[in-house]
Amino acid sequence: MPSTSDRAFVAQFVSDLDHDGSSEFDGLPGWLFKNFVCYIDIPEPSASPLLAESLFEFAGGKISKGLSSLEITHIVVSPGDLSRLRAIRESIQWRQKIPRVVTTDWVEESLKAQTLLDEERFAPVWNQD
Numbered sequence: 001m002p003s004t005s006d007r008a009f010v011a012q013f014v015s016d017l018d019h020d021g022s023s024e025f026d027g028l029p030g031w032l033f034k035n036f037v038c039y040i041d042i043p044e045p046s047a048s049p050l051l052a053e054s055l056f057e058f059a060g061g062k063i064s065k066g067l068s069s070l071e072i073t074h075i076v077v078s079p080g081d082l083s084r085l086r087a088i089r090e091s092i093q094w095r096q097k098i099p100r101v102v103t104t105d106w107v108e109e110s111l112k113a114q115t116l117l118d119e120e121r122f123a124p125v126w127n128q129d
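Residue numbers (UniProt numbering): 1 to 129.
Here is the structure:
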């Protein structure tokens with residue numbers, strides 16, 4: 001796992017590359033999530049949080065360590081464990097800009113397709129049955 005100083009260097013390097021806001025890098029897989037900040041809410045015993053975080057960062061996204069950040073654009077949850085979905089939705093419902101809640105499949109499938117896929121297709125559905 002890269003150190004904090006390595007991540008800071010990479011973040012500054014990427015920022016310098018995109019200093020003029022041009023879209024010449026938009027087609028690159030490492031640039032796919034460049035404008036997104038993600039909070040990953042996946043239970044720790046699973047390997048999925050690390051995988052989802054690594055894939056998201058590889059594609060240029062930033063990871064928020066807490067749900068309270070107002071910069072969060074996406075919240076990624078495991079499709080197999082939606083136990084916290086209600087609590088997550090209640091905690092973000094009052095925000096002016098509500099983050100999109102998606103499953104890890106959105107991150108993986110977007111990278112495979114090399115384009116941002118529609119988040120609605122990957123919205124988690126919680127059944128109260």
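Glycine is no exception: its CB is placed at the ideal position from the N, C-alpha and C atoms.
*Tell me the start and end of each unbroken beta strand (DSSP E) in the UniProt domain "BRCT" (32 to 124) that is at least 3 residues and wholly inside, in chain order.*
Complete beta strand (DSSP E) runs here, min 3: 37 to 41, 62 to 64, 74 to 77 and 100 to 103.
_Proximity winner among 49, 68 and 72, relative to residue 104 (alpha-carbon distances)_ = Along the sequence shown, one-based indexing puts residue 104 at 104. Nearest of 49, 68 and 72 to residue 104, Cα basis: 49.
*Using CA coordinates, which residue listed in 31, 33 and 121 is at the minimum distance from residue 79?*
Within the sequence shown, residue 79 is the residue found at index 79, counting from 1. Relative to residue 79, the option among 31, 33 and 121 whose CA is nearest is 121.
*Report yes if the C-beta distance between residue 85 and residue 124 is below 8 angstroms; otherwise report no.*
Taking the sequence shown and counting its residues from 1, the one referred to as residue 85 is at position 85. Taking the sequence shown and counting its residues from 1, the one referred to as residue 124 is at position 124. For residue 85 and residue 124, yes; Cβs fall inside 8 angstroms.
_Interface flag, residue 49 vs chain D, CB-CB below 8 angstroms_ = Absent from the structure: chain D. Only one protein chain is present.
*If we count the other Cβ atoms within 10 Å of its Cβ and call it buried at 16 or more, is residue 110 buried or exposed?*
Along the sequence shown, read from residue 1 onward, the residue named residue 110 stands at position 110. Residue 110 comes out buried.
*Distance, residue 108 Cα to residue 55 Cα*: Within the sequence shown, the letter at position 55 stands for residue 55. Within the sequence shown, the letter at position 108 stands for residue 108. About 7 angstroms.
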